[in-house]
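Anchor point for the sequence shown: position 104 equals 88 in my numbering, and the numbering is continuous, going up by one each time. Quick notes on the structure that follows.
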Amino acid sequence: MSDYSFLVVEDSPTMRQLVSFSLKRIKGAKIVEATDGVDALKKLSEQPFHLIVADINMPLMDGLKLLSIVRKEPAYSQIPVIIVTTEGADADRDKGLQLGANAYIPKPIQTNALLKAVRDLLKIAE
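Below, the structure written as structure tokens:
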């Protein structure tokens, strides 16, 4: 059993790898990747996760729609969600926080900022 299970939702393979690679610095991290919100919901139904990192701009189902579904679903509503926004997309960030995101990270993603947010949300000591 891994210590922490993370769901990374991002349509760009490069960004997905970057986020996954960053999260692997957390001891015991297990990462599952999803290509969009629809894929993420499928993965959520298959196993429990400690935290979700979701991009906002994705085809099929974007991160905000995914976030609103996660927050309404009792089985997932307590999972911390970190949204990833393009720098300067303040409206997206504000909407995400209103919908119940626990934190947001601007692109380009800084590994240290992401890890700090994850550790803070899950109360993980460094």
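Heads up, the beta-carbon is just placed ideally off N, CA and C, and yes, glycines get one too.
Query raised in the report: So is Gly21 buried or exposed if we call it buried at 16+ other beta carbons inside 10 Å?
Result: The sequence position of residue 21 within the sequence shown is 37, counting from 1. Of the other Cβ atoms in all chains shown, 16 or more fall within 10 Å of the Cβ of Gly21; this residue is therefore buried.
Report task. Indicate whether the contact test is met: 3 or more Cβ pairs, each with one atom in the region 80 to 99 and one in the region 14 to 32, closer than 8 angstroms. Result -> By the Cβ test, the region 80 to 99 is not in contact with the region 14 to 32, since fewer than three Cβ pairs between them sit closer than 8 angstroms.
**Report entry** Within 9 angstroms, strictly: CB atoms of Asp39 and Val16
**Finding:** Here residue 39 refers to the residue found at position 55 when the sequence shown is read from its first residue. Here residue 16 refers to the residue found at position 32 when the sequence shown is read from its first residue. Between Asp39 and Val16, the gap from beta carbon to beta carbon reaches 9 angstroms or more.
Report task. Answer with buried or exposed for Phe5, where buried requires no fewer than 16 other C-beta atoms within 10 angstroms of its C-beta. Result -> Sequence index remark: in the sequence shown, residue 5 carries index 21 (1-based). Counting other Cβ atoms within 10 Å of its Cβ, Phe5 stays below 16 and is therefore classed as exposed.
Query raised in the report: What is the DSSP secondary structure of Phe(-10), reduced to helix, strand or coil?
Result: As a position in the sequence shown, residue -10 is number 6, starting the count at 1. The three-state secondary structure of Phe(-10), taken from DSSP, is strand.
Report task. Determine the burial state of Ala75: buried for a count of at least 16 other Cβ atoms within 10 Å of its Cβ, exposed for fewer. Result -> Against the sequence shown, residue 75 aligns to sequence position 91. Exposed: under 16 other Cβ atoms inside 10 Å.
Query raised in the report: At what residues does the alpha helix (DSSP H) containing Met(-2) begin and finish?
Result: Here residue -2 refers to the residue found at position 14 when the sequence shown is read from its first residue. The sequence as given places Thr at residue -2; Met does not occur at that position. Taken as a continuous stretch (DSSP letters only), the alpha helix (DSSP H) holding Thr(-2) covers Pro(-3) to Leu7.
**Report entry** Coil, strand or helix - Ile40 by DSSP
**Finding:** Numbered from its first residue, the sequence shown carries residue 40 at position 56. It is coil, neither helix nor strand.
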